[in-house]
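First comes the structure, then the notes that go with it.
Structure representation (C-alpha cells):
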C-alpha cells in the first residue's frame, strides 16, 4: 500500500490557507479580542461536541468492530508513549515553567481532526475516516483529561468538572451511541453534522487570528526546533517502528501513523486560552510545527514505507 504524497501536501495547503484567512481577518480587525474569546467558547462548548457525536454515529459490522478495538487499544499505547518520550526529553532542556507546559502539551496532542480527518478521507475514503475518528476519539479522551491536567496551574487540582466538559461529555455520549447502536433521528443527525462541520474552519481561523500576535524571528525559530523535532520526527518514527512489529492490517497502521505525524493540535490554542496559559506561545508552536510538517510528514511516511 502506497500513499499519494500530492494528496498529503494538498491537505496541508488547504489547512494553511484557512489559517491565513483567520490571520487576515484579525489584521483587518474583522475579528477582535472579544471575538476571539467568543469563537473559543463556541468551538469548545458547541461545535466540537457536535462534531464528536456526529463522527461516532455510524453503523458497524464484525470486522470493522474488531478494527475499531485494535485502533483504540494501540492509540492508547501510542499516546502514553508520546507522553513518556516527551517527558523524558524535556528534562534535557532548561525551559521556564510556562514554556515547558506548552511544549509538553504540544508534543503529545496532534492536529488529528482538523488536518488528520480530511487527509485520511482523501487517502483512504470513508473507512479511513472511521478509524481516524476512533484515533481522534481516544486522543480527545486524553486531551480533555491528561491535557487539562498538564495545563492546570501549579497547585491547582484536576477537578471532575474540568474532565466532564462539553467535549468529554459528547465523547461519552458518542461512544454509547456507537456501542449500543442507538439510532439518532435523521433531522438531529443533520443538525449535529452541520454544526460540527463548523469546527474545523472556526478553529483554524482562530489559530490564524492568534498568529497576528506571534513573533517571527531567528531566535523563536531556534526555540521551536527542539519540540518540533520530537513531535514531528522522533515520536512518529518510534510509533512507526512499533506499528511495524504489530500484525494488523496495513490500512490501520497507516491511519495511526498519519495521525501520529500531525503537527500540534490547532485546538490547543483554544484550550490554553480557556485555562489561562500563554495562548500566544501556543499559537507560535502551532504555526511553526504546521510549517515544519509540510516537510516532515512526507519524510516520515517515506521512511516508514521503506521499512514496511
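In the numbering used here, the protein residues as written are 867 to 1174.
Ideal placement from N, C-alpha and C gives every residue a C-beta, glycine not left out.
Could you check whether residue 1098 and residue 1162 sit closer than 8 Å to each other, using their CB atoms as the reference points?
By 1-based counting over the chain shown, the position of residue 1162 is 296. By 1-based counting over the chain shown, the position of residue 1098 is 232. Yes, the pair counts as a contact, with Cβ atoms nearer than the cut-off.
Less than 8 Å between the CB atoms is what I'm expecting for residue 878 and residue 1160, so what's the real figure, rounded?
Translated into positions along the chain shown, residue 878 becomes position 12. Translated into positions along the chain shown, residue 1160 becomes position 294. Rounded, the Cβ-Cβ distance is 5 Å, consistent with contact.
Would you kindly check if the distance between the Cβ of residue 1062 and the Cβ of residue 913 is under 8 Å?
As a working note, residue 913 is residue 47 in the chain shown. As a working note, residue 1062 is residue 196 in the chain shown. Yes, these two residues count as a Cβ contact at 8 Å.
Give me the DSSP bridge partner(s) of residue 1130.
Reading the chain shown from its first residue, position 264 is the one you call residue 1130. 976, per the DSSP bridge assignment.
Do the CB positions of residue 1104 and residue 942 come within less than 8 Å of each other?
Numbered from its first residue, the chain shown carries residue 1104 at position 238. Numbered from its first residue, the chain shown carries residue 942 at position 76. No, the Cβ-Cβ distance between residue 1104 and residue 942 is not below 8 Å.
Enumerate, from N- to C-terminal direction, the unbroken alpha helix (DSSP H) stretches of 4 or more residues contained entirely within the stretch 1052–1091.
Runs found: 1052–1062 and 1065–1077.
Count the other CB atoms, across all protein chains shown, that sit within 10 Å of the CB of residue 894; report buried if there are 16 or more and exposed otherwise.
What you label residue 894 is simply residue 28 of the chain shown in a count that begins at 1. Exposed, by the Cβ-count rule.
Can you tell me where the alpha helix (DSSP H) holding residue 941 begins and where it ends?
Locating residue 941 in the chain shown gives position 75, where the first residue counts as 1. Note, residue 941: alpha helix (DSSP H), 928–956.
Do residue 1134 and residue 972 count as a contact pair if the criterion is CB distance below 8 Å?
Mapped onto the chain shown, residue 972 falls at position 106. Mapped onto the chain shown, residue 1134 falls at position 268. Yes, the Cβ-Cβ distance between residue 972 and residue 1134 is below 8 Å.
DSSP on residue 1031, reduced to helix/strand/coil?
Position 165 of the chain shown, counted from the start, is the residue given in the question as residue 1031. Reduced to three states, the DSSP call for residue 1031 is coil.
Compute every distance between the C-beta of residue 954 and the non-hydrogen atoms of the ligand GTP, then say whether any falls below 7 Å.
Here there are no bound small molecules, and the ligand GTP is not part of this structure.
Would you mind listing the beta strand (DSSP E) stretches within the stretch 1137–1170 that are 3+ residues and don't spill past its ends, in chain order?
Runs found: none.
Under 8 Å by Cβ, that's how I've got residue 1083 and residue 892 pegged, so tell me the actual separation to the nearest angstrom.
Reading the chain shown from its first residue, position 217 is the one you call residue 1083. Reading the chain shown from its first residue, position 26 is the one you call residue 892. Rounded, the Cβ-Cβ distance is 20 Å, inconsistent with contact.
Please report the Cβ distance between residue 1143 and residue 967, rounded to the nearest whole angstrom; I am assuming they are in contact, meaning their Cβ atoms lie under 8 Å.
In the chain shown, residue 1143 corresponds to position 277, counting from 1. In the chain shown, residue 967 corresponds to position 101, counting from 1. Yes, they are in contact, since the Cβ atoms of residue 1143 and residue 967 sit about 7 Å apart, within 8 Å.
When burial is assigned at 16 or more other CB atoms within 10 Å of the CB, is residue 1139 buried or exposed?
Stepping through the chain shown from its first residue, residue 1139 is reached at position 273. That one is buried.
Would residue 1122 be called buried (16 or more neighbouring beta carbons within 10 Å of its own) or exposed?
If you number the chain shown from 1, residue 1122 lands on position 256. Classification for residue 1122: buried.
Flag this pair as touching only if the stretch 1102–1117 and the stretch 983–1000 have three or more C-beta atom pairs under 8 Å; answer yes or no.
Yes, the stretch 1102–1117 touches the stretch 983–1000.
Below 8 Å on the Cβ atoms is my contact criterion, and I expect residue 1037 with residue 1068 to pass it. Report the Cβ-Cβ distance as a whole number of Å.
One-based indexing of the chain shown puts residue 1037 at position 171. One-based indexing of the chain shown puts residue 1068 at position 202. About 19 Å separates the two Cβ atoms, so there is no contact after all.
Check for me: the alpha helix (DSSP H) holding residue 921 runs from which residue to which?
On the chain shown, residue 921 is found 55 positions in, with the first residue counted as 1. Counting along the chain, the alpha helix (DSSP H) containing residue 921 begins and ends at 914–921.
Does any C-beta atom of chain D lie closer than 8 Å to the C-beta of residue 1078?
Here chain D cannot be found, since the structure has a single protein chain.
Are residue 1003 and residue 919 touching if we call contact CB-CB under 8 Å?
On the chain shown, position 137 is the one that residue 1003 refers to. On the chain shown, position 53 is the one that residue 919 refers to. Contact flag unset, no.
Distance check for residue 904 and residue 1090, CA to CA, integer angstroms please.
Locating residue 1090 in the chain shown gives position 224, where the first residue counts as 1. Locating residue 904 in the chain shown gives position 38, where the first residue counts as 1. Near 29 Å, if we compare the C-alpha coordinates of residue 904 and residue 1090.
Note down the Cα distance separating residue 901 from residue 1146, rounded to an integer number of angstroms.
For the purposes of this step, residue 901 is identified with residue 35 of the chain shown, where counting begins at 1. For the purposes of this step, residue 1146 is identified with residue 280 of the chain shown, where counting begins at 1. Their backbone Cα atoms lie some 16 Å apart in a straight line.
Just to confirm, are residue 1152 and residue 888 a CB contact at a threshold of 8 Å?
Along the chain shown, read from residue 1 onward, the residue named residue 1152 stands at position 286. Along the chain shown, read from residue 1 onward, the residue named residue 888 stands at position 22. Not in contact: residue 1152 and residue 888 (Cβ atoms no closer than 8 Å).
For the alpha helix (DSSP H) containing residue 900, list its first residue and its last residue.
Position 34 of the chain shown, counted from the start, is the residue given in the question as residue 900. First-last of the alpha helix (DSSP H) with residue 900: 899–908.
Do you know whose CA, among 988, 1173 and 917, lies nearest residue 1035's CA?
Within the chain shown, residue 1035 is the residue found at index 169, counting from 1. For the residues 988, 1173 and 917, the minimum Cα distance to residue 1035 belongs to 917.
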